[in-house]
Amino acid sequence: MNPRFTVAQVAQLVGGRVIGDSEKVLTGFAPLESAKESDLSFATGDPYLGMVKSTNAGAVLVPQEIEGVSTSLIVVDNPYEAVVGLLSQVYPPLYVKDERISRMAQVSPLATIEEGVTIGPFAVIEPYAVLKRGCVVMAHCYVGEGTEVGEDSILHPQVTLYKGVKIGKRSIIHSGAVVGSPGFGYLEKDGKRIPIPQVGAVEIGDEVEIGANTCIDRGTLANTKIGRGTKLDNLIQVGHNVIIGEDCAFAGQVGISGSTVIGNKVLMGGQAGIADHAKIGNGVMVGAQAGVSGKVKDGEIVIGSPAMSHTVWRRAAMAFPKLPELLKRVRRLEKLVKEGEKDE
Amino acid sequence: MNPRFTVAQVAQLVGGRVIGDSEKVLTGFAPLESAKESDLSFATGDPYLGMVKSTNAGAVLVPQEIEGVSTSLIVVDNPYEAVVGLLSQVYPPLYVKDERISRMAQVSPLATIEEGVTIGPFAVIEPYAVLKRGCVVMAHCYVGEGTEVGEDSILHPQVTLYKGVKIGKRSIIHSGAVVGSPGFGYLEKDGKRIPIPQVGAVEIGDEVEIGANTCIDRGTLANTKIGRGTKLDNLIQVGHNVIIGEDCAFAGQVGISGSTVIGNKVLMGGQAGIADHAKIGNGVMVGAQAGVSGKVKDGEIVIGSPAMSHTVWRRAAMAFPKLPELLKRVRRLEKLVKEGEKDE
Amino acid sequence: MNPRFTVAQVAQLVGGRVIGDSEKVLTGFAPLESAKESDLSFATGDPYLGMVKSTNAGAVLVPQEIEGVSTSLIVVDNPYEAVVGLLSQVYPPLYVKDERISRMAQVSPLATIEEGVTIGPFAVIEPYAVLKRGCVVMAHCYVGEGTEVGEDSILHPQVTLYKGVKIGKRSIIHSGAVVGSPGFGYLEKDGKRIPIPQVGAVEIGDEVEIGANTCIDRGTLANTKIGRGTKLDNLIQVGHNVIIGEDCAFAGQVGISGSTVIGNKVLMGGQAGIADHAKIGNGVMVGAQAGVSGKVKDGEIVIGSPAMSHTVWRRAAMAFPKLPELLKRVRRLEKLVKEGEKDE
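Protein chains in written order, with this note's numbering: chain D, 10 to 353; chain H, 10 to 353; chain R, 10 to 353.
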């Protein structure tokens, strides 16, 4: 199932210019350092351009001519973009879109299934669910009552969408993700916790990606929302009533507590946690393992638990291991100053 | 599928008294700040009571009469409780309890299925499993050999219960949760790890709620236990042999290592971690991202990693960013004191 | 389903010597402190050997004769190993290996199913998948196109293996685990993120164990790899291109970011996080909740976030709560020194 193409064919696919042997056959992709003669590689800038001379790759996508190299070069404007485009063209996707509805799926006659929809074996589509044109629901997925999956969106195997969830167009949800489970809200009465019905839903925009085993709770009264283009990695928790803006990217195991509002283009490192009712501005960057609460202004970079400006944190974190020695030094100073006092 | 009722009807349902227009039609619930004319809202105390004057809600549940407001008021003893009660009455639950066993489920003839049980499509019920009266096992659930699900308990889609697990009455388990997987225990021999058979099981009490994708390991010899009324949020890890008391509530992504014993009414913030063999007393509160080990006494509030009293932590955390400046000040003092010494 | 054997039978199974009553009937295993007359227990060394005198256990596996005890003793070289061996012999495993292929599974005619394979109900085996001799694929598992499950490996219910994944021999994967989902890699263009096709796969060695709801991403170009004998607990995230060596053990909720390389025999505590492109040497120990980046040399023990040597961290962490008082002391010193200056 490997690809097989000549250097000339690659150049044609990416709109590039060949320097060197254009008839070599390539059967794989690899980074410069591990590439073999049968691999295509790429170099975007320094220090990678320097590595082109010593690579074993059969051909390298480069942004400019390089002198004194033995490998074939394919010159294109943006080698990285060219590689991403090639990979998409050359490799089949991770899902099957055969526009068939498995006989082994259970699809409610009250559900709306538009044209070109693929449904895998053992999927369950509940009444009033809507699967829009061209979407793919793979094996073992559960699409709850009244839930809508947008055009050309893909649910990988074992995704659960509770009732009343709405997924936009061209979004991707990975295996084990759970969207629309009720949030963690209880009324305390006589020492017991009575679950508060979570009657809001979840709205997920277009071109959103949701990682494996990530959980997104439904809203209490209003909807939990995730904006267009936002990407969530694996094992992330998004609490009820949370609103996340557009084009955000959160790394694995991030946790967002209930009712927090997050702006656009926000980035978060792995295992970061945001307290409930926080307000995170546009363009904010949150470091890995940070613990954020309250307000963070547009464009700020925060890290640490509790979180602070990254410049302050970096210096404080560097000073932290010196704390025991600092204690000793202060003790010594106190002794010296006291002795000084006695002397006087 | 929206509700539709008049102010007078709401008042009757909650046992309240109307002030203002009792014939207005309401079709939704919303918080005071985002409510529309067609919404019912509620105000429990300050500062919410002050917001009633400016809300657009068609009617507001309040604990007392408020003068000078244009919206309809419904006076009840406890507006919050009244809302929770209304939501439960007005909205259908998130599961279907139609007391039918799907033809598409695989139910062992050796399992015991009591009256009024609902089993969804593609569920698997293994031999000797017991589904007690009125419980609901939704699509794709796996109920292992000898496992018992208590009366009126609900398993949302894609729950896995390994063999020999016992779930109490009126408990709720959300999608993707795994109960009874073997704990992380190995015998090291000749540099290899041999898995120690985990022959204990898991006992879960009545009215427990277990969040989406949460994992609870079975015990090694004795059982892992979770007490009545305890609520676990999403993506929580509970290790083998752990004993958790009653009426606890742990937020998302908390991790409890093996053999730890936790009392009653313990609260934990998100991403908190408890080391193995720890002992956490009754009524303890553990802050978000805390790292706890050893013993924590009844009623203590701890936070930080390693965890300490929250009052100590708060002041230390506030001082932390000043560390680099403190280092400088001590250096300056040392210089001054040395110079002083020379002078003398 | 409890075991039932006499002390003499146990002694024979473990190759031990009985001291005391060899005809007692035992029906369970328990630790010394909670054992009943019908239980077998074990003591490996201090302080357990001292507890043998007061235990209620019917019999105790011990490494040496103990005087003045009323319980039966079974003397063996290694009581712990003996118990683990007994548990494996006496209790049935958590899976069913009946070498049958459920009529309710969907197995592609293009898949290769070797002899002695067990496939549970509602499992999906895609084209070109290979299930090697004796492996067990339980209910609701998804085995993607071209994916291989090695000899005698076990997939518990609800495991998802994306396409092109390779699992070695005698490995165990627990419920809800997802292997081979595409990593978190995007090309940013005009403010949008375009997913980079992840065309590498995942290679998992022999005797690996993967916990419930753990996620392992496929590689971008090359494969993500997990070495022989490595054990991953529940809810762990392993990013794309990560290489983990042999005989490692990571506790629950650990997160490994993309392209990180980890040596052999590495241990990690719960909730530890490793940044992307880190290099972790052989035999490294990473403490719970640590945040590691960059290089860690062979055999180092690190903890803290950011991580440092555990000896440095321990002292710094102990000094941390004294920070506010330290600030005061420095302020007092500054005042004294200034006054001293004035005096002069």
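Every residue, glycine too, gets a C-beta built ideally from N, C-alpha and C.
Legend entry - Contact list for lysine 172 of chain H against chain R, beta-carbon separation under 7 Å: Working through the second sequence from its first residue, we reach residue 172 of chain H at position 163. The contacting residues are Leu103.
Inset, instruction - Could you pull out every residue in the same chain whose Cβ sits closer than 6 Å to the Cβ of alanine 186 of chain R, ignoring the five residues on either side in sequence? - result: Here residue 186 of chain R refers to the residue found at position 177 of the third sequence. Same-chain partners within the cutoff: Val168, Ile219, Thr223.
Inset, instruction - For asparagine 222 of chain D, decide whether its Cβ has a neighbour in chain H, counting only Cβ atoms nearer than 9 Å. - result: Working through the first sequence from its first residue, we reach residue 222 of chain D at position 213. Closer than 9 Å: yes.
Inset, instruction - Look at alanine 287 of chain D and threonine 269 of chain D and say whether their C-beta atoms are less than 9 Å apart. - result: Start at 1 with the first residue of the first sequence, and residue 287 of chain D comes out as number 278. Start at 1 with the first residue of the first sequence, and residue 269 of chain D comes out as number 260. Against a cut-off of 9 Å, the Cβ pair of threonine 269 of chain D and alanine 287 of chain D comes out as a contact.
Inset, instruction - Check whether the Cβ of proline 56 of chain R lies closer than 9 Å to any Cβ atom in chain H. - result: As a position in the third sequence, residue 56 of chain R is number 47, starting the count at 1. It does not: the Cβ of proline 56 of chain R has no partner Cβ on chain H nearer than 9 Å.
Legend entry - Residue-level contact to chain H via CB, histidine 319 of chain R, 9 Å cutoff: For the purposes of this step, residue 319 of chain R is identified with residue 310 of the third sequence, where counting begins at 1. Answer no: the Cβ-Cβ gap between histidine 319 of chain R and chain H never drops below 9 Å.
Legend entry - Residue(s) in a DSSP beta bridge with glutamate 348 of chain D: Along the first sequence, one-based indexing puts residue 348 of chain D at 339. Beta-bridge pairing links glutamate 348 of chain D to no other residue.
Inset, instruction - Kindly confirm or deny that the region 208-215 of chain R and the region 200-215 of chain D touch, where touching means at least three C-beta pairs closer than 8 Å. - result: These segments do not touch.
Legend entry - Collapsed DSSP secondary structure at leucine 355 of chain H in the structure displayed: In the structure as shown, chain H begins at 10 and stops at 353. Residue 355 of chain H is therefore absent and cannot be evaluated.
Legend entry - Own chain partners of alanine 17 of chain R with C-beta closer than 8 Å, once the 5 adjacent residues on each side are dropped: As a position in the third sequence, residue 17 of chain R is number 8, starting the count at 1. Excluding residues within five positions, the ones whose Cβ falls inside 8 Å are Val27, Ser31, Glu32.
Legend entry - Min CB distance histidine 149 of chain D to chain B below 9 Å: Of the protein chains in the structure, D, H and R, none is chain B.
Inset, instruction - Could you tell me if lysine 141 of chain D is buried or exposed, where buried requires 16 or more neighbouring beta carbons within 10 angstroms of its beta carbon? - result: For the purposes of this step, residue 141 of chain D is taken as residue 132 along the first sequence, with counting starting at 1. Classification of lysine 141 of chain D: buried, given that the 10 Å Cβ count is 16 or more.
Legend entry - Range of the contiguous alpha helix (DSSP H) that encloses tyrosine 89 of chain R: As a first step, residue 89 of chain R must be located in the third sequence, where it is residue number 80. First-last of the alpha helix (DSSP H) with tyrosine 89 of chain R: 88-99.
Inset, instruction - Taking only beta-carbon positions, decide if threonine 169 of chain D is within less than 9 Å of chain H. - result: Against the first sequence, residue 169 of chain D aligns to sequence position 160. Answer yes: the Cβ-Cβ gap between threonine 169 of chain D and chain H drops below 9 Å somewhere.
Inset, instruction - Can you tell me which of the three DSSP states glycine 209 of chain R falls into? - result: One-based indexing of the third sequence puts residue 209 of chain R at position 200. The DSSP-derived three-state label of glycine 209 of chain R is coil.
Inset, instruction - For phenylalanine 358 of chain H, name the three-state secondary structure that DSSP assigns. - result: Only positions 10 to 353 of chain H appear in this structure, which leaves residue 358 of chain H out of reach.
Legend entry - Contact list for the region 14-34 of chain R against chain H, Cβ threshold 8 Å: Going along the region 14-34 of chain R in chain order, one finds no residue with a Cβ nearer than 8 Å to chain H.
Inset, instruction - Taking valine 19 of chain R as part of the alpha helix (DSSP H), name the residues at either end of that continuous run. - result: The residue you call residue 19 of chain R lines up with position 10 of the third sequence. It spans 16-23 - the alpha helix (DSSP H) in which valine 19 of chain R sits, taken as one unbroken run.
Inset, instruction - With a floor of 3 residues, list each beta strand (DSSP E) that falls wholly inside the region 241-308 of chain D, ordered by position along the chain. - result: Within the region 241-308 of chain D, no complete beta strand (DSSP E) run reaches 3 residues.
Inset, instruction - Check whether the Cβ atoms of isoleucine 134 of chain R and valine 105 of chain R sit closer than 9 Å, and answer yes or no. - result: Mapped onto the third sequence, residue 134 of chain R falls at position 125. Mapped onto the third sequence, residue 105 of chain R falls at position 96. For isoleucine 134 of chain R and valine 105 of chain R, no; Cβs fall outside 9 Å.
Legend entry - Best match in H:Ser50, H:Ser184, H:Gly214, H:Tyr195 for proximity to aspartate 161 of chain H [C-alpha to C-alpha]: Sequence index remark: in the second sequence, residue 161 of chain H carries index 152 (1-based). By alpha-carbon distance to aspartate 161 of chain H, the top candidate from H:Ser50, H:Ser184, H:Gly214, H:Tyr195 is H:Gly214.
Legend entry - Collapsed DSSP secondary structure at phenylalanine 329 of chain D in the structure displayed: Numbered from its first residue, the first sequence carries residue 329 of chain D at position 320. Residue state for phenylalanine 329 of chain D is assigned as helix, using DSSP reduced to three classes.
Inset, instruction - Please state whether DSSP places threonine 121 of chain D in a helix, a strand or coil. - result: As a first step, residue 121 of chain D is located in the first sequence; it is residue number 112 there, counting from the start. Of the three classes helix, strand and coil, the one that applies to threonine 121 of chain D here is strand, per DSSP.
Legend entry - Burial state of glutamate 74 of chain H, where buried means 16 or more other Cβ atoms lie within 10 Å: The residue labelled residue 74 of chain H in the question sits at position 65 within the second sequence. The Cβ neighbour count for glutamate 74 of chain H, taken over all protein chains shown within 10 Å, is under 16; the residue is labelled exposed.
Legend entry - Separation of glycine 279 of chain D from proline 56 of chain D, as counted between CA atoms: Residue 56 of chain D sits at position 47 when you count from the first residue of the first sequence. Residue 279 of chain D sits at position 270 when you count from the first residue of the first sequence. Those two C-alpha atoms are separated by around 27 Å.
Legend entry - Secondary structure of methionine 60 of chain D, DSSP reduced to three states: Taking the first residue of the first sequence as position 1, residue 60 of chain D is located at position 51. Note: methionine 60 of chain D maps to helix in three-state DSSP.
Inset, instruction - Establish whether the CB of serine 184 of chain R and some CB of chain H are separated by less than 9 Å. - result: Here residue 184 of chain R corresponds to residue number 175 of the third sequence, with the count starting at 1. Against chain H, the CB of serine 184 of chain R has a partner CB under 9 Å away; the residue lies at that interface.
Inset, instruction - Determine, using beta carbons only, whether aspartate 307 of chain H and glycine 292 of chain H come nearer to each other than 9 Å. - result: Translated into positions along the second sequence, residue 307 of chain H becomes position 298. Translated into positions along the second sequence, residue 292 of chain H becomes position 283. In contact: aspartate 307 of chain H and glycine 292 of chain H (Cβ atoms closer than 9 Å).
Inset, instruction - Find the residues of chain R that neighbour leucine 335 of chain H, judging by a C-beta separation of less than 9 Å, and give them in chain order. - result: Locating residue 335 of chain H in the second sequence gives position 326, where the first residue counts as 1. Going along chain R in sequence order, the residues near leucine 335 of chain H (Cβ under 9 Å) are Leu332, Leu335, Leu336, Val339.
Inset, instruction - Give the interface partners of aspartate 242 of chain D over in chain R, defined as CB-CB distance under 7 Å, in chain order. - result: If you number the first sequence from 1, residue 242 of chain D lands on position 233. What aspartate 242 of chain D touches in chain R: Phe193.
Legend entry - Any C-beta of chain D under 9 Å from that of phenylalanine 329 of chain R: Taking the first residue of the third sequence as position 1, residue 329 of chain R is located at position 320. Judged by the 9 Å Cβ criterion, phenylalanine 329 of chain R is in contact with chain D.
Legend entry - Limits of the unbroken beta strand (DSSP E) element including aspartate 226 of chain R: Mapped onto the third sequence, residue 226 of chain R falls at position 217. Run containing aspartate 226 of chain R: 224-227, per the beta strand (DSSP E) assignment.
Legend entry - Through-space distance from valine 174 of chain H to threonine 239 of chain H, alpha-carbon basis: Position 230 of the second sequence, counted from the start, is the residue given in the question as residue 239 of chain H. Position 165 of the second sequence, counted from the start, is the residue given in the question as residue 174 of chain H. In a straight line, the C-alpha of threonine 239 of chain H is about 17 Å away from that of valine 174 of chain H.
Inset, instruction - Classify arginine 202 of chain R as helix, strand or coil using the three-state DSSP reduction. - result: The sequence position of residue 202 of chain R within the third sequence is 193, counting from 1. Looking at arginine 202 of chain R - three-state DSSP - the assignment turns out to be strand.
Inset, instruction - Tell me, to the nearest whole angstrom, how far the beta carbon of glycine 189 of chain R is from that of lysine 172 of chain R; I am working on the premise that it is less than 8 Å. - result: Taking the first residue of the third sequence as 1, we reach residue 189 of chain R at position 180. Taking the first residue of the third sequence as 1, we reach residue 172 of chain R at position 163. Right, their Cβ atoms sit about 7 Å apart.
Inset, instruction - Could you name the residues of the region 110-123 of chain R whose beta carbon sits closer than 7 Å to any beta carbon of chain H, in the order they occur along the chain? - result: If the cut-off is 7 Å between Cβ atoms, the region 110-123 of chain R has Met113 near chain H.
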